Amino acid sequence: AQLCKIMNSHIAGVVPPTLATLTLVVMVWRTSALHPLLRKLANWSGLLVLAQIGLGVMTFRLRLQIELLTVSHQAVGAALLGTLVAFTVIALRDRQFAKA
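Below is the structure:
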């Protein structure tokens, strides 16, 4: 019962950042004048979200019994966070240079 509560709250907490990341990817695809590095980072973010979802589903189906899946799920999450931080920093820098 405790594991179910944790998993359900994890799944509920995953929806907003997943939607935000997928929205970012779609907005980047629709924006024509964008730095190529931002496009690459957005595409990586989309791939990492899909990988994260796949690993999360496999981890859930196997009831956290395979440690490699759990560790991979955390590693992909960390890579996704790093990619989004890099996107934000470069987008802010690009915006400052565009104003100047």
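Just add 69 to the spot in the sequence shown (first one is 1) and you have our numbering.
Note that beta-carbon positions come from the ideal geometry of N, C-alpha and C, so glycine has one too.
Here the structure is a predicted model, which means the values were calculated and not measured.
Count the other CB atoms within 10 Å of the CB of residue i; is the residue buried (16 or more) or exposed (fewer)?
{"i": "G82", "result": "exposed"}
{"i": "L88", "result": "exposed"}
{"i": "L92", "result": "A quick correction: the sequence has Thr, not Leu, at residue 92. Exposed, since its Cβ has fewer than 16 Cβ neighbours within 10 Å."}
{"i": "L110", "result": "buried"}
If residue i and residue j are in contact, beta carbons under 8 Å, what's the gap, nearest whole angstrom?
{"i": "S114", "j": "F156", "result": "7 Å"}
{"i": "L124", "j": "H142", "result": "4 Å"}
Taking residue i as part of the alpha helix (DSSP H), name the residues at either end of that continuous run.
{"i": "Q165", "result": "136-168"}
{"i": "A111", "result": "105-130"}
Report yes or no: is there a C-beta of chain B within less than 8 Å of the C-beta of residue i?
{"i": "R132", "result": "Note that chain B does not occur in the displayed structure, where there is just one protein chain."}
At 4 residues or longer, what runs of the alpha helix (DSSP H) sit wholly inside the segment 70-100? 71-99
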